[in-house]
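Q:
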Amino acid sequence: MKINSLSREEALRALVSSENGLSEKEAARRLSESGFNEIREAHRTPLAIRFLKQFTHFLALLLWVGAGLAFLSDYLHPGEDMGTLGFAIIGVIVINAVFTYIQEYRAEKALEALKRLLPFSVRIVREGKERKVPSREVVPGDVMLLSEGDRIPADARLIEGAMLKVNNAPLTGESEASLRNALPAPGELLDSPNIVFAGTSVISGSGKALVFATGMGTEFGRIAHLTSAVEQDLSPLQKEIAKATRLVATIAALVGIFFFSLGFVIGRDFWGNFIFAVGITVALIPEGMLPTVTLSLAMASQRMAKRKALIKNLSSAETLGCVSVICTDKTGTLTQNRMTAEKIWRDGSILDAQGFMAPADDPLMQAALLCNNARFADNEYRGDPTETALLRLGRESLGDLSAERMFEIPFDSDRKRMTTVNRVGDAGIVFSKGAMESILPLCSRFLVNGVEYGMEETFRERALDAYGSLMDHGLRVLAFAYRKNPSDLLPPDPSSLEEDLVLAGLVGLEDPPRPEVPEAIGKCHEAGIKVIMITGDGSRTAVAIAREIGLVKGDPLVIEGPEFLEMDDRELREKLSVGEILFARMAPKHKMRVVSILQEEGEWVAVTGDGVNDAPALKKADIGISMGISGTDVAKEASDMILLDDNFATIVNAVEEGRAVYENIRKFITYIFASNIPEAVPYLAYILFRIPLPLTIMQILAVDLGTDMLPALALGTEKPTPAVMRQPPRSRNERLLNFSLLSRAYLFLGPIEAFACMSGFFYVMINGGWTWGMEAAPDHVLYLQATTACLTAIIIVQIGNVFACRSAKESVFRLGFFSNRFIFIGIGFELCLQLFIVYSPYGNRVFSTYPLSPAMWLVLLPFAFLLLFSEEARKYLVLRR
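Here the working numbering is used: position 274 in the sequence shown is 274, and no number is missing along the way.
#1: Look up N449 in the DSSP assignment and say whether it is helix, strand or coil.
#2: Use the C-beta contact count for G149: other C-beta atoms within 10 angstroms, 16 or more gives buried, fewer gives exposed.
#3: Can you pull the DSSP bridge partners for S178?
#4: Kindly indicate which residue of L370, R395, A368 and Q366 has the alpha-carbon position closest to the one of E380.
#5: Looking only at its chain, what residues have a beta carbon closer than 7 Å to the beta carbon of D500, apart from the 5 residues adjacent to it on each side?
#6: Which of the three DSSP states, helix, strand or coil, is assigned to V92?
#7: Measuring only the C-alpha atoms, how far is R845 from S743?
#8: At which residues does the beta strand (DSSP E) containing F583 begin and terminate?
#9: In whole angstroms, what is the alpha-carbon distance linking F51 and V605?
#10: When DSSP builds the beta bridges, which residues end up paired with N422?
#11: Can you give me the C-alpha to C-alpha distance between A107 and L644, rounded to a whole angstrom?
#12: Whole angstroms is fine: what's the gap from F648's alpha carbon to I629's?
#13: Helix, strand or coil for M641 per DSSP?
#14: Residues in its own chain within less than 6 Å of E510 by CB, not counting five upstream and five downstream?
#15: Between the C-alpha atoms of L111 and F260, what's the straight-line distance to the nearest angstrom?
#16: Could you give the residue range of the beta strand (DSSP E) that holds W857?
#17: Do you know how far the Cα of L369 is from the Cα of V202?
#18: For E19, which residues in the same chain have their Cβ closer than 8 Å to its Cβ, ignoring the five residues on either side in sequence?
#19: What are the residues that DSSP puts in a beta bridge with F480?
#20: Taking a contact to mean a Cβ-Cβ separation below 8 Å, would you say A660 touches I837 in this structure?
#21: Smallest Cα separation from L715: which of P729, T670, V681 and P722?
#22: Once you ignore the five residues that flank I49 on each side, which residues in its own chain have a CB closer than 6 Å to its CB?
#23: I691: which of I623, E734, T787 and N738 sits nearest, CA to CA?
#24: Mind checking whether N820 and A674 have CB atoms under 8 Å apart?
#25: With DSSP as the reference, label V578 as helix, strand or coil.
#26: First and last residue of the beta strand (DSSP E) that includes M627?
#27: DSSP state of P363, grouped into three classes?
#28: So what's L784 in DSSP terms, helix, strand or just coil?
#29: Quick check: the Cα distance between S324 and F748, rounded to an integer number of angstroms?
#30: Return the CA-CA distance between F762 and A777, expressed in angstroms with no decimal places.
#31: Among L442, A466, R415 and E26, which one has its Cα closest to the Cα of L931?
#32: Tell me the DSSP secondary structure of G35 in three-state form.
#33: Relative to the C-alpha of G450, which residue among A427, A615, G434 and M365 is closest?
#34: Under the rule that 16 or more other beta-carbon atoms within 10 Å means buried, what is D622, buried or exposed?
#35: Just reading off the alpha helix (DSSP H) that E830 is part of, what are its end residues?
#36: What's the C-alpha gap between E548 and I521?
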């Protein structure tokens, strides 16, 4: 039998305890059995292992293979600068690993946040004496003493209570404090009024509670275990990078093996073939892709932060672009969380609340003013948004009313009402406010024009019609009732106060939608993203708000909490396939089930949350989004993104940036891959046509890890175009490296660059007196100038290529030639680095180059225009077709 359903005596017997608490000896024994009262980690990979993992993903492994081949070649055949290449590749792996590790380490602190929510000490009774012990030493069977301001360290059954109110918001998301009592109660623990939970706090009153669960056995512990047990899958980008890397590795290995074998067929010696195979493999491996992707994601994260979206791990920046469903809260996310009284229903009529004036003895305004725990201090209203709105309404209507509160029955989520007894002048008055379904059954009379009448069915129907009408306008509606001159202001049974009440009227409160939300919703619809509202409000209010912000157009399917609980997964899956669906009267703990079903249906899901109970759903979702203003630490640590302004429009902005990130990654991959062809073709010509090697391995490295880096990053900063949010989310089957990208890079842009670099090499060699079949010494000036010209041709043509790659379809002239200033910064860096390589003695020595005449640059420059205008012609033909 559950402990909440037992009497206090039965509960004490069940835990072998008493009101005098445990003995010290027994407490020590139980501590050794149950362990410390603390949140333990289900599993945490050691920091050293997590760091090492950054060196073992597939792209890193591919680079390790490249470095290993370079070292092997340098050991067996020194003098080719292969050792320098190996160290350079290792440097790329290390820098990227450190950078990525730091970013991801900062994101994994959910359990530490849970631990911080538990108090450091607690008052308990042991051997009949009050003691203060560290909270981690509390054991099942201990009797805790609770008072206002205490944070509760363990799950416990209340055995004594004096108007004890507990704030369960960190656990349940409910902002209203809950009244606790010591009476037996059937049902679930989480809904029982005689249970207090670890991590929650005492708002007022006092009591004694019998501990029955500690540490991981508490409700908090269950959530901690569930949160840490949720395994996050690889992000879409991580999966695509892995697939792309495998594809590139396969191409590079097959090409290397093919030409290694071909060399023997045409009579090359082993070492010549081996160096060639390593060279062409290195040429085809995009060493610069890994750091460029990482830095591009970091820059995207910074852009999102400027738009109030804080990304906690880099891959999430791109994952946002895949999102096909957003499950969002209403209050504070779609709305402003600024409650105002808009309408009043009294005397049978609906009136505007703004400017409403009432006589001093008006019970409706008195109830709004006095049945209220908000306060006005230092010229500002403080308290719960709903109560501050009612306090403002009452003060503006009646002014400050002098009254003494004699008694209070606090708001309770089960009762859905609050009642106070106030002395107004010489009279005692009971005031009640709450949900219509809670207040109306308690009323035996109603008030019209200052006269009380017996409750009639006709008036009851009019009241319900008015209630529905106000809800249909998107208002949160509260009913108010009163009773004058109670015979006893403090009766033995407080519930008797809430009898024979008089219905005074209704107040409709509005939490206005954020002005930017309708446009954001429209963007989602254009982008093929489904938005599902999950709210604790009633269904009619939810539908009205959804219509106001453009979330729904017709009659949506509305599922309320009780109906949701009765559905099996098959039914829920069918419901979720409906075009327009809303969830009302939902608890945060139900979100995870919705997320799981959507993911099983192949959707990429983003979900918002702010409470502890939201943490598992936030971690389960493809993108967990916590609230920066209203969110708990646990929710923030479990999420992938934090909304710094709690605004739904910020989510849509982040999705737009995420889509742009993916497109930008494809742009700079095209740019990087295109240069692989002019790096590989010289090796093909070297082995097939027995010419001097036109490009050395160190010169290839100068392109991949030097001149290409900043222009590629500049492509990663391209702003989202309007078209990016006018297309549906990309399919799970869409590849990062598809045929269109590879054919454009390898079969169109790359060959033009290869033609340019080989033209530059042969132009210098032939003008210097070289003839076909003539050998060229590695240190001969003519040969050094020719390889320098080959390298310079690649750099110059890559300048044209960076503009060509700004879009796969749109003309660069339509985008605006100067609309991305980072392109010109990247080009400036590229040219400065190349000038250093060509004209400085150190650059000449490291990269085996020799200064070129200015005329040579002019010879090579037209190739950049050839590539750019060829690409413009291709785009024109594609668009026409």
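Just so you know, even glycine gets a beta-carbon here, dropped at the ideal spot from N, CA and C.
A: This is what the structure gives:
#1: Position 449 of the sequence shown, counting from 1, holds the residue named residue 449. Of the three classes helix, strand and coil, the one that applies to N449 here is coil, per DSSP.
#2: Here residue 149 refers to the residue found at position 149 of the sequence shown. If you draw a 10 Å sphere on the C-beta of G149, you find fewer than 16 other C-beta atoms in it, and that means exposed.
#3: Residue mapping note: residue 178 aligns to position 178 of the sequence shown, counting from 1. Paired residue(s): V166.
#4: As a position in the sequence shown, residue 380 is number 380, starting the count at 1. It is R395.
#5: Within the sequence shown, residue 500 is the residue found at index 500, counting from 1. These residues qualify, in order along the chain: S444 and R483.
#6: Taking the sequence shown and counting its residues from 1, one reaches residue 92 at position 92. Residue state, collapsed to three classes: helix.
#7: Walking along the sequence shown from the start, residue 845 turns up at place 845. Walking along the sequence shown from the start, residue 743 turns up at place 743. Here the C-alpha atom of R845 lies approximately 36 Å from the C-alpha atom of S743.
#8: Counting from one through the sequence shown, the residue named residue 583 turns up at place 583. Counting along the chain, the beta strand (DSSP E) containing F583 begins and ends at I581 to A584.
#9: Residue 51 sits at position 51 when you count from the first residue of the sequence shown. Residue 605 sits at position 605 when you count from the first residue of the sequence shown. Spanning the two alpha carbons is a distance of roughly 29 Å.
#10: The residue you call residue 422 lines up with position 422 of the sequence shown. R405 and I429.
#11: Sequence index remark: in the sequence shown, residue 107 carries index 107 (1-based). Sequence index remark: in the sequence shown, residue 644 carries index 644 (1-based). Because A107 carries a pLDDT of 44, less than 50, the predicted location of this residue cannot be relied on, and the following value inherits that uncertainty. Spanning the two alpha carbons is a distance of roughly 16 Å.
#12: Residue 648 sits at position 648 when you count from the first residue of the sequence shown. Residue 629 sits at position 629 when you count from the first residue of the sequence shown. If I take the Cα positions, the gap works out to 13 Å.
#13: Sequence index remark: in the sequence shown, residue 641 carries index 641 (1-based). Correct three-state label for M641: strand.
#14: Residue mapping note: residue 510 aligns to position 510 of the sequence shown, counting from 1. Hits under 6 Å: T340, E342 and L475.
#15: Here residue 111 corresponds to residue number 111 of the sequence shown, with the count starting at 1. Here residue 260 corresponds to residue number 260 of the sequence shown, with the count starting at 1. Summary for L111: the model assigns pLDDT 41, below 50, so the residue's position carries little reliability, and this model does not support an answer.
#16: Reading the sequence shown from its first residue, position 857 is the one you call residue 857. Per DSSP, W857 belongs to no beta strand (DSSP E); it is in the alpha helix (DSSP H), P854 to R880.
#17: Position 202 of the sequence shown holds residue 202. Position 369 of the sequence shown holds residue 369. Cα-Cα distance, rounded: 25 Å.
#18: Locating residue 19 in the sequence shown gives position 19, where the first residue counts as 1. Taken in chain order, the residues that qualify are L12, V125, V143, I159 and K208.
#19: The residue you call residue 480 lines up with position 480 of the sequence shown. Answer is K433 and G505.
#20: By 1-based counting over the sequence shown, the position of residue 660 is 660. By 1-based counting over the sequence shown, the position of residue 837 is 837. No, these two residues do not count as a Cβ contact at 8 Å.
#21: Locating residue 715 in the sequence shown gives position 715, where the first residue counts as 1. Considering only alpha carbons, the answer is T670.
#22: Within the sequence shown, the letter at position 49 stands for residue 49. So the list is empty, once near-sequence residues are dropped.
#23: Reading the sequence shown from its first residue, position 691 is the one you call residue 691. Out of I623, E734, T787 and N738, the CA that lies nearest to the CA of I691 is found in T787.
#24: Within the sequence shown, the letter at position 820 stands for residue 820. Within the sequence shown, the letter at position 674 stands for residue 674. No, these two residues do not count as a Cβ contact at 8 Å.
#25: The residue given as residue 578 occupies position 578 in the sequence shown. Assigned with DSSP and collapsed to three states, V578 falls in coil, not helix or strand.
#26: Taking the first residue of the sequence shown as 1, we reach residue 627 at position 627. Unbroken beta strand (DSSP E) run through M627: I623 to M627.
#27: Walking along the sequence shown from the start, residue 363 turns up at place 363. Note: P363 maps to helix in three-state DSSP.
#28: In the sequence shown, residue 784 corresponds to position 784, counting from 1. It is helical.
#29: The residue you call residue 324 lines up with position 324 of the sequence shown. The residue you call residue 748 lines up with position 748 of the sequence shown. Roughly 34 Å separates the two Cα atoms.
#30: Position 762 of the sequence shown holds residue 762. Position 777 of the sequence shown holds residue 777. Rounded to whole angstroms, F762 to A777 spans 16 Å at the Cα level.
#31: The chain is shown from 1 up to 881; residue 931 falls before or after that span and cannot be answered.
#32: Start at 1 with the first residue of the sequence shown, and residue 35 comes out as number 35. Three-state result, G35: coil.
#33: Along the sequence shown, one-based indexing puts residue 450 at 450. With distances taken between Cα atoms, G450 lies closest to M365.
#34: Counting from 1 along the sequence shown, the entry for residue 622 is found at position 622. D622 should be labelled buried.
#35: In the sequence shown, counting from the first residue as 1, residue 830 sits at position 830. First-last of the alpha helix (DSSP H) with E830: R821 to Y839.
#36: Counting from one through the sequence shown, the residue named residue 548 turns up at place 548. Counting from one through the sequence shown, the residue named residue 521 turns up at place 521. When rounded, the distance between both Cα atoms is 11 Å.
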